[in-house]
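Take 92 as the starting number for the sequence shown in my numbering and just add one per residue. Think of the CB as a built atom: it goes at the ideal place given N, C-alpha and C, for glycine as much as any other residue. Right, one structure below, let's go through it.
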Amino acid sequence: MQVAFVVNDLQLSGGVGVVVQHARQLATRHGMDVSLVLAREQEDPHWQELAQLHVLSLDDAREREFDLVVHTWWETAYAAFQLRGGRHVAFVQSLEDRFYRPDEPDRLAAAITLDLPVAFVTEATWIQEAIADLRPDATCHLVRNGIDKDVFPAVDAVPEHDGPLRILVEGYASTWFKGVNDAIAATRDMAEPHHLTVVAPDRTGLDATGADRVLGPVPSSEMAALYGEADVVLKLSRVEGMYGPPLEGFHRGATCVTTEVTGSEMYIEHGVNALVVDWDDLRGTARQLDLLAKDRELLLRLREGALATARAWPSWEDAGAEMAAALQAIAGAPPPSPYAHVARLLGDLRSGTEQQRLFMVERRDLQRQVRQLERIKALPGIRHYRRAKASRPVRLALRVARPAKQKLLGPGS
92 MQVAFVVNDL QLSGGVGVVV QHARQLATRH GMDVSLVLAR EQEDPHWQEL AQLHVLSLDD
152 AREREFDLVV HTWWETAYAA FQLRGGRHVA FVQSLEDRFY RPDEPDRLAA AITLDLPVAF
212 VTEATWIQEA IADLRPDATC HLVRNGIDKD VFPAVDAVPE HDGPLRILVE GYASTWFKGV
272 NDAIAATRDM AEPHHLTVVA PDRTGLDATG ADRVLGPVPS SEMAALYGEA DVVLKLSRVE
332 GMYGPPLEGF HRGATCVTTE VTGSEMYIEH GVNALVVDWD DLRGTARQLD LLAKDRELLL
392 RLREGALATA RAWPSWEDAG AEMAAALQAI AGAPPPSPYA HVARLLGDLR SGTEQQRLFM
452 VERRDLQRQV RQLERIKALP GIRHYRRAKA SRPVRLALRV ARPAKQKLLG PGS
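Right, here's the structure in full:
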């Protein structure tokens, strides 16, 4: 079977890493001829596990025919439909419109890709359920992400530790929905002794005040060692598909304190292998961390529960078998109706256009108010008053006069 996975690039990231792992398993264990097609030009792609895979430019891929063409991110859908494929598939790792704020045009573009005439494969039950509601006419297969058991081997037993609670926070602070700075801030509200390690692949926007060490970027092997040194992985994400870091930490003997973010239902069990906290409740999160720092029996029980979860979780070999079965089922099924999706696509497009129109009206109204205010500020009397008020002599005079003004007019005047 000829399979093309269309990706934007081959830069190391969670989503692309999942795609490459599946592609490698399909090529090495299931006899499929797998190509990674670059929707964007990339001069020198580097990946340690590309040996069994073809890496094609979009121009080269247009000259070939595939049994299945899989787009892996909303931006790659346009490139995918330029390729000749017997069937088109969307590998959905999140509802991608949630990565954008309501006034961003990309939010609409990401949303309407769910209306395309494709079969779906996803990594999380919540996404599968959402797609079933949005597209009851389409098939959607669940394929859980695997874990590289060679890089993140499950420890034999949870190592004992009686020192300060060891907390690990990881992620990109510049990505608003990851909650990295919130997690760090929560540790500053703790009353109990602790040791905080922050792993940041990029320091942009990072506020690591209070951290004992800040590392990154680090390779997977070093990340495994850091998980092994932690008691708790602290994760306060607002948007996830099926997040991997807590699960990687589980393999190395750490528990997790996390928000009830989408994807957490795949393996997080409050009071069994982790503690679940509310969003925007940094003090409450700090109290949960303090509880773990004080109650070492609870900490040990959660860490042992996390390790049991890790041992039962599939490897990438297992996940690859699930992906192979899903793709074979899609290839053998009748093609989708070419018209079943059209009404919804046009409806979503109209709704999104109306929302963008409202945002543009609000923006133009604000711009008009700003221009009016600037014109008022530029009037001769106003301009001279503002300039005089900003001068040093006038500021000193106002400061001297303030007590008399308050005595005459009362506090707050």
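Give the single residue among E187, T213 and P193 whose Cα lies nearest to the Cα of I505. This structure does not reach residue 505, given that the chain is present from 92 up to 504, and the question cannot be answered.
Cα-Cα separation between A420 and H232, rounded to whole angstroms: The residue given as residue 420 occupies position 329 in the sequence shown. The residue given as residue 232 occupies position 141 in the sequence shown. C-alpha separation (whole angstroms): 9 Å.
Here's a check: name, in chain order, each residue in its chain whose Cβ is nearer than 6 Å to the Cβ of Q219, leaving out the five neighbours to either side. Within the sequence shown, numbered from 1, the residue matching residue 219 stands at position 128. Counting only Cβ-Cβ distances below 6 Å, and skipping sequence neighbours, we find T213, C231 and L233.
Along the beta strand (DSSP E) that carries S312, what are the first and last residues, could you check? Your numbering for residue 312 matches position 221 in the sequence shown. Not the beta strand (DSSP E): S312 falls in the alpha helix (DSSP H), residues S311 to G319.
Nearest candidate by alpha-carbon position, reference G340, set F243, R378, A248 and R374: Within the sequence shown, the letter at position 249 stands for residue 340. Considering only alpha carbons, the answer is F243.
In angstroms with no decimal places, state the Cα-to-Cα distance between V125 and L101. The residue you call residue 125 lines up with position 34 of the sequence shown. The residue you call residue 101 lines up with position 10 of the sequence shown. Whole-angstrom Cα-Cα distance: 15 Å.
On the criterion of 16 or more Cβ atoms from any shown chain inside 10 Å, does E351 qualify as buried, or is it exposed? Walking along the sequence shown from the start, residue 351 turns up at place 260. Flag for E351 reads exposed.
Quick one: complete beta strand (DSSP E) runs, 3+ long, within the region 265–315? 285–290 and 304–306
Using 8 Å as the cut-off, can you tell me whether the region 291–299 makes contact with the region 263–281, which would need three or more C-beta pairs spanning the two stretches below that distance? yes
Would you kindly check if the distance between the Cβ of V290 and the Cβ of L338 is under 8 Å? On the sequence shown, residue 338 is found 247 positions in, with the first residue counted as 1. On the sequence shown, residue 290 is found 199 positions in, with the first residue counted as 1. No, the Cβ-Cβ distance between L338 and V290 is not below 8 Å.
Inspect the beta-carbon positions of A245 and H342 and report whether they are closer than 8 Å. Within the sequence shown, numbered from 1, the residue matching residue 245 stands at position 154. Within the sequence shown, numbered from 1, the residue matching residue 342 stands at position 251. Closer than 8 Å, so yes.
Given this structure, state the Cα-to-Cα distance separating L174 from R392, to the nearest angstrom. Against the sequence shown, residue 174 aligns to sequence position 83. Against the sequence shown, residue 392 aligns to sequence position 301. Whole-angstrom Cα-Cα distance: 52 Å.
Which one of W407, P427, E445 and Q460 has the shortest CA to CA distance from V209? The residue you call residue 209 lines up with position 118 of the sequence shown. Considering only alpha carbons, the answer is P427.
Within this structure, are the beta carbons of L418 and L144 separated by less than 8 Å? For the purposes of this step, residue 418 is identified with residue 327 of the sequence shown, where counting begins at 1. For the purposes of this step, residue 144 is identified with residue 53 of the sequence shown, where counting begins at 1. Their beta carbons are not under 8 Å apart, which means L418 does not touch L144 by this criterion.
Using 8 Å as the threshold, is the region 250–259 in touch with the region 320–328, meaning 3 or more CB pairs across them? yes
Give the single residue among H179, E195 and H162 whose Cα lies nearest to the Cα of R454. The count along the sequence shown starts at 1 and reaches residue 454 at position 363. Checked all of H179, E195 and H162; the closest Cα to R454 is E195.
K240, DSSP secondary structure in three states: Mapped onto the sequence shown, residue 240 falls at position 149. Here K240 sits in coil by DSSP.
Return yes when the Cβ of G362 is within less than 8 Å of the Cβ of M506, no when it is not. Given a span of 92 to 504 for the chain in the structure shown, any question on residue 506 remains unanswerable.
I need the DSSP call for G176, collapsed to helix, strand or coil. Translated into positions along the sequence shown, residue 176 becomes position 85. Reduced to three states, the DSSP call for G176 is strand.
What's the call for Q184, buried or exposed, on a 16-neighbour Cβ count within 10 Å? By one-based count along the sequence shown, residue 184 stands at place 93. Burial call: buried.
For a test of the three-state rule: what should DSSP assign to I258, helix, strand or coil? One-based indexing of the sequence shown puts residue 258 at position 167. In this structure, I258 counts as strand in the three-state DSSP scheme.
Within 8 Å, strictly: CB atoms of V367 and N236: On the sequence shown, position 276 is the one that residue 367 refers to. On the sequence shown, position 145 is the one that residue 236 refers to. Going by C-beta atoms, V367 is not nearer than 8 Å to N236.
Among A201, L205 and D280, which has the Cα closest to the Cα of G373? As a working mapping, residue 373 is identified with position 282 in the sequence shown. Note that residue 373 is Leu in the sequence shown here, rather than Gly. It is D280.
According to the Cβ coordinates, are H162 and V94 closer than 8 Å? In the sequence shown, the residue the question calls residue 162 occupies position 71. In the sequence shown, the residue the question calls residue 94 occupies position 3. Their beta carbons are not under 8 Å apart, which means H162 does not touch V94 by this criterion.
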